[in-house]
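Written out below as structure tokens is the structure these notes cover.
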Amino acid sequence: MVRTGTVVATIVVALWLVLVRFLDHAMSFDGRMAWAYAFGLSLALTLWGFWIARPFVTRMSADRLSTPKALAIWCLVATLVGLAAMSRSFIGGEDWNGFVGGTWALIFWVSMSLCVYRLRPQRTSYSLAAIVGILLVSAFVYKGLQFTEIFWGKPLGSTDDEISLTLEQYGSRDASFQLAHSILGNHRQENCGDLCRILREYTNIRDTHIRRGVRLVDDLSRTRGQRPNIFIFVIDSMRADYLGAYNSRVDYTPNLDAFASDSIVFSKTYSQYAGTSISEPAIWAGAQLLHTHFPQPFDSVNSLRTLARTDNYELVASFDTVLKQLFAPADTLTKLDADKQLWNQYEACSTVQQLENHLDSRANKSEPVLFYTQPMNVHQFARNDVPSPKSQHWPDRPGFQTRITYEVHWVDSCFGQFFNYLKQRGLYDNSIIIVTSDHGDATGEFGRTSHSTSIWPEIMRVPLIVHLPAHLRSHVFYDDARLSTLTDITPTLYYLLGHRPIRQNPLYGRPLLTRTRQELDAYPQRDLLLASDVRAVYGILTSDGHYLYTTYDSPAQSYLFDLPSDPNAQHNVLTPALKERYDEQIIEQLQMVGDYYGFKPGVGSLLASAGR
């Protein structure tokens, strides 16, 4: 006869294996790291589920608990409350904040209920009635806020969309409310239909291969002109309004401000992707890519690598976790930051010091350098040896997040030292230096947090500052007020090194610097397709940067913001006609990207299969 323990153990192991399989496929990336995450998370969920199921397998005793056991449970309750209070510090800004926050809220409330039940089992009927009553009242209040005809549903003359935005913004701060918001539903949710199906089919594409490369110029051969050094600094998650060059209220970036005064500051630069694992590859490609993390094979679309190889540049890179996925082991490049093991350990000062040491120790100093780095100082989950703001008596600044201002100031100091180093070595005036970011971040000032699951102005707008050698600066035309994007960086470098004209393709970036105004105008201004990092969330930014349209698949909602009059995106001005127009435009552009790279929906899309 099979023992009960054996049956239970078999069920637990089976559940764990199923969860490992499901979660591994749910990851938007592949490899050992994805499997490790799936393994750990599935094990934790299995053990937690088994712990919850125990009272239903073995009936609890109705006797009062002994004092030591009761004290232990009360300590557990206090610990759970403490963890809940601190949860925002380690979950609130996580890229997976929706999934992790909702899971945490569910675990917390179920665990709390079990603890309370265990403490007073003989009063279960009264407790259950109270819990049901509280849930019903809460649900009624929640629905009352949603339906404008019920009591206070339209407080102080607020519009339906303002109420909807307010609820969504509050949900970003309260994981428990967001979970209830998802479970109970939203009467403002649209009938998404085919739109959501198509969005999901083109999102988080897995198990597909790029079937067509990116060719920015028709005939690429070694340049006959000068080859200046190229230094590209992509500061992860840095917003434009945290730099003095973009915001007069900023007083903590003196070195970057001085650098900007000697450079070209593009005022309307946007990332087309709200997360690193898509935005960084797009910079190297100089083109829009499929919505897939770490696209493969990447060499055929790696325009920046091709430029370095063609013009005989030494390619030097802070070999971060994204580049490790994109570059083949046989690729020849000088790798910095080999001592960093985790993605959030890449730190600007450490990288710059390694770069300076490498530049000084090179045997062939006449060979130009193309350098790329993406320091994580500003990212919400940065882990480095930088002293804490409190230890340095760093003051708060109204309207700014203190930790971010401190980290930006720290990066500014590192850059100041590096700029001085270049000047002392006679390299500054013979270098193209680019300072930008892969995306911005929502830091809570508008009730929004994180970046990779949504599209907001503070997430998509990024700085772009370009320093040119004198011999180039005096021979180029530019319009720093035009809309630009990160995919324009690599085509601009091609152009500056003499590889021209840049091919005109709706997916390609365009040169931001040309010899004449007529040549610049020949590259048409296009509406930008925007995408979140991990969800089927897309948007359109009009070519003049005036309107931002966003549409979400879950819950299905859409917004249109007039950015000149509403820069913080607080008032939805969408009409049915405009929604239809922008939805059609998003579908057309997604299909254009898919057709270019040879992707056919229905094969490589996890979200598509999950949504059916």
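The sequence shown lines up with residues 1 to 612 when you count with the working numbering.
Built from N, CA and C at the ideal position, the CB exists for glycine as well.
Computed from a prediction, not measured in an experiment: that's the story for all the values here.
### Message
Along the chain, where does the beta strand (DSSP E) containing Phe233 start, and where does it finish?
### Response
In the DSSP annotation of this structure, the continuous segment of the beta strand (DSSP E) that includes Phe233 starts and ends at Asn229 to Val234.
### Task
May I ask which residues mark the beginning and end of the beta strand (DSSP E) holding Ile587?
For Ile587, no beta strand (DSSP E) run applies; the uninterrupted alpha helix (DSSP H) run containing it begins and ends at Pro576 to Tyr597, by DSSP.
#### Entry: Residues sharing a beta bridge with Arg461, DSSP
Paired residues: Tyr270.
### Three-way DSSP call (helix, strand, coil) for His471 in this model
His471: helix per DSSP, three-state reduction.
### Message
Using only the alpha-carbon positions, how far apart do Val322 and Pro297 sit?
### Response
Here the alpha carbon of Val322 sits roughly 14 Å from the alpha carbon of Pro297.
#### Entry: Reduced DSSP category for Val534 - H, G, I as helix; E, B as strand; rest coil
In the structure shown, Val534 adopts coil according to DSSP, grouped into three states.
#### Entry: Of the residues Ala180, Leu359 and Tyr242, the one placed nearest Lys136, counting alpha carbons only
Looking at the sequence provided, one finds Leu at residue 136 rather than Lys. Leu136 has its Cα closest to that of Ala180, out of Ala180, Leu359 and Tyr242.
### Task
Figure out for me which residue from Ala245, Cys349, Thr276 and His546 has the closest Cα to the Cα of Pro463.
For Pro463, the closest alpha carbon among the candidates Ala245, Cys349, Thr276 and His546 is that of Ala245.
### Query
Is Thr492 helix, strand or coil when you go by DSSP?
The answer is helix: DSSP assigns Thr492 an H, G or I state.
### Message
Taking the beta strand (DSSP E) that Phe371 belongs to, which residues open and close that run?
### Response
Start and end: Val369 to Thr373.
### Task
Determine the contact status of Val316 and Leu370, defining contact as a CB-CB distance below 9 Å.
Yes; because the gap between Cβ atoms is below 9 Å, this pair is in contact.
### Query
Hey, Val647 and Met592: beta-carbon distance below 9 Å or not?
Residue 647 is absent from the structure shown; the chain starts at 1 and stops at 612.
### Query
Can you tell me where the alpha helix (DSSP H) with Lys324 in it begins and where it stops?
Per DSSP, Lys324 belongs to the alpha helix (DSSP H) from Thr321 to Leu326.
### Task
Can you say whether Gly286 is buried or exposed, counting buried as having 16 or more other CB atoms within 10 angstroms of its CB?
Counting Cβ neighbours within 10 Å, Gly286 comes out buried, since at least 16 surround it.
### Message
Classify Ala308: buried if its beta carbon has 16 or more other beta carbons within 10 angstroms, exposed otherwise.
### Response
Label assigned to Ala308: buried.
### Query
Ile639: which of Ser437, Ser303 and Pro295 sits nearest, CA to CA?
Past the edges of the chain, shown from 1 to 612, lies residue 639, and the structure says nothing about it.
### Message
The alpha helix (DSSP H) that contains Ala308, what's its start and end?
### Response
From DSSP, the alpha helix (DSSP H) with Ala308 extends over Ser303 to Thr310.
### Message
Between the alpha carbons of Glu445 and Ile459, how many angstroms are there, rounded?
### Response
Cα atoms of Glu445 and Ile459: separation of roughly 12 Å, rounded to the nearest angstrom.
#### Entry: Expected contact under 8 Å - CB spacing of Ala338 and Pro457 to nearest Å
About 37 Å; that fails the 8 Å criterion.
### CB of Asp562 within 9 Å of CB of Ala274, strictly
Result no, Cβ atoms of Asp562 and Ala274 do not sit closer than 9 Å.
### Query
Relative to the C-alpha of Ser431, which residue among Leu497, Pro228, Ala522 and Phe108 is closest?
Cα-wise, what sits closest to Ser431 is Pro228.
### Message
Quick check on DSSP: helix, strand or coil for Gly40?
### Response
If DSSP states are grouped into helix, strand and coil, Gly40 belongs with the helices.
### Query
What separation, rounded to the nearest whole angstrom, lies between the Cα atoms of Tyr421 and Ile235?
Just so you know, the alpha carbons of Tyr421 and Ile235 end up roughly 20 Å apart.
### Task
With a threshold of 16 other CB atoms inside 10 Å of the CB of Ile134, please say whether the residue is buried or exposed.
Ile134 is exposed by the Cβ-count criterion.
### Spatial distance of Leu560 from Ile455 (CA atoms)
Separation of Leu560 and Ile455 (C-alpha to C-alpha, rounded to the nearest whole angstrom) is 11 Å.
### Task
List the endpoints of the continuous alpha helix (DSSP H) containing Asp412.
In the DSSP annotation of this structure, the continuous segment of the alpha helix (DSSP H) that includes Asp412 starts and ends at Thr402 to Gln424.
### Message
So the candidates are Pro281, Gly416, Asp553 and Pro389; which of them puts its Cα closest to the Cα of Arg535?
### Response
The shortest Cα separation from Arg535 among Pro281, Gly416, Asp553 and Pro389 belongs to Asp553.
### Task
Measure the alpha-carbon distance for Leu606 versus Ile489 and round it to whole angstroms.
Its pLDDT being 39, under 50, Leu606 is placed unreliably in this model, and the value from its coordinates should be taken loosely. CA-to-CA, the gap between Leu606 and Ile489 works out to about 31 Å.
### Query
Are the region 320 to 334 and the region 189 to 205 touching by the rule of at least three beta carbon pairs closer than 8 Å?
As far as the Cβ criterion goes, the region 320 to 334 does not touch the region 189 to 205, which means the pair count is below three.
### Query
Which residues mark the beginning and the end of the beta strand (DSSP E) in which Phe561 is found?
Phe561 -> beta strand (DSSP E) spans Ala556 to Asp562.
### Task
Give the DSSP-derived three-state secondary structure of Leu199 in the structure shown.
Three-state result, Leu199: helix.
### Query
Looking at the structure shown, is Asp553 part of a helix, part of a strand, or coil, going by DSSP?
In this structure, DSSP gives Asp553 an extended state, which the three-state scheme calls strand.
### Message
Between which two residues does the beta strand (DSSP E) holding Ala317 run?
### Response
It spans Glu314 to Ser318 - the beta strand (DSSP E) in which Ala317 sits, taken as one unbroken run.
### Query
Going by other Cβ atoms of all chains shown within 10 Å of its Cβ, with 16 needed for buried, is Pro524 buried or exposed?
Burial call: exposed.
#### Entry: Touching by the beta-carbon criterion (3+ pairs, under 8 Å), the region 252 to 265 and the region 413 to 429
The region 252 to 265, when compared against the region 413 to 429, does touch it at the 8 Å Cβ threshold.
### Query
To which residues does DSSP link Val435 through a beta bridge?
DSSP output for Val435 lists Phe233 and Ile465 as bridge partner(s).
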